[in-house]
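Residue numbers (the numbering used here), protein chains in the order written: chain A, 20 to 131; chain B, 468 to 580. Idealized CB from N, CA, C, for every residue including glycine. Worksheet for the structure shown next.
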Amino acid sequence: GEDVEQSLFLSVREGDSSVINCTYTDSSSTYLYWYKQEPGAGLQLLTYIFSNMDMKQDQRLTVLLNKKDKHLSLRIADTQTGDSAIYFCAETSTGGGNKLTFGTGTQLKVEL
Amino acid sequence: DTEVTQTPKHLVMGMTNKKSLKCEQHMGHRAMYWYKQKAKKPPELMFVYSYEKLSINESVPSRFSPECPNSSLLNLHLHALQPEDSALYLCASSQERGHGELFFGEGSRLTVL
């Protein structure tokens with residue numbers, strides 16, 4: 020099956036940039052997504068990128084995709100305490116029956 | 468209205484009880500999903516409904532029984548659950564099945580005693 024891996028934890032200081040990384044194995048991925056989950060809440064879609072793109076910027080968020088290395092990253096500029104959450108990357112692929120496969124999740128802690 | 472509403476927010480039940488979780492969306496989405504999520508883990512897909520028909524059952528035990536009464540509603544009927552079924556149950560919807568842009572509810576936190 021498909022594997023989507025993330026580092027478990029990231030700590031940054033308020034105002035710094037955060038970079039959350041994700042690696043996946045399925046070469047037939049079509050879209051890749053970043054979801055955010057705050058404590059006690061459901062998941063919220065932040066942004067997504069089509070697999071034939073290598074970068075997408077949306078306000079403070081920048082998504083980079085290296086399809087050759089199957090590596091996806093999410094950069095959050097000027098990180099705020101409200102950005103503290105768990106971030107999940109996810110992918111859909113033709114090989115996976117177009118089901119959404121979530122990564123293991125990265126807990127981002129923003130310190131003052 | 469871009470919300471998925473789930474009730475109840477919290478549920479405590481014994482192993483012999485029968486209860487139901489409810490989910491509602493009014494975005495005109497034709498795909499609805501149930502996920503189970505344990506603490507600090509990614510959501511695990513349980514069921515997918517597409518156009519009110521069950522299209523995916525991820526080998527979920529029969530003590531979980533989904534129901535889609537109409538295109539806006541999704542239920543999850545619970546019976547004879549085990550303590551290990553305690554988790555956050557998330558409902559989600561998308562325009563069509565296979566779209567990764569899911570809208571999630573806040574979840575129902577279930578505790579089985």
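Cut-off 8 Å between Cβ atoms - residues of its own chain near residue i, not counting five sequence neighbours on either side
i        : result
B:Met482 : Ala547, Leu548, Gln549, Pro550, Val579 and Leu580
A:Thr66  : Tyr52, Trp53, Lys75, Asp77, Leu80, Val82 and Leu93
Residue i at chain B interface by Cβ criterion, 8 Å
i        : result
A:Asn117 : yes
A:Leu91  : no
A:Gly61  : yes
A:Thr125 : no
A:Tyr67  : yes
Short CB-CB distance (under 8 Å) between residue i and chain A
i        : result
B:Pro509 : yes
B:Glu491 : no
B:Gly495 : no
B:Glu568 : yes
Delimiting residues of the beta strand (DSSP E) encompassing residue i
i        : result
A:Gln63  : Leu62 to Phe69
A:Pro58  : Where A:Pro58 is concerned, there is no enclosing beta strand (DSSP E), given that its DSSP letter is neither H nor E.
A:Asn40  : Ser37 to Tyr43
B:Ala498 : Ala498 to Gln504
B:Leu488 : Lys485 to Gln492
A:Asp77  : Met74 to Asp77
A:Ala104 : Ala104 to Ser112
A:Glu24  : Val23 to Gln25
B:Pro599 : The first residue shown for chain B is 468 and the last is 580, placing residue 599 of chain B beyond what the model contains.
A:Val82  : Leu80 to Asn85
B:Asn524 : Lys520 to Asn524
B:Glu511 : Glu511 to Ser517
Reduced DSSP secondary structure (H/G/I, E/B, other) of residue i
i        : result
A:Thr49  : strand
B:Thr578 : strand
A:Thr123 : coil
A:Thr100 : helix
Chain-order list of residues whose beta-carbon lies under 6 Å from that of residue i (same chain, five-residue window excluded)
i        : result
B:Tyr518 : Arg497
A:His90  : Thr42
- Complete runs of the beta strand (DSSP E) confined to the region 543-574 of chain B [at least 3 residues]: The beta strand (DSSP E) runs of length 3 or more contained entirely in the region 543-574 of chain B are, from start to end of the chain, 554-561.
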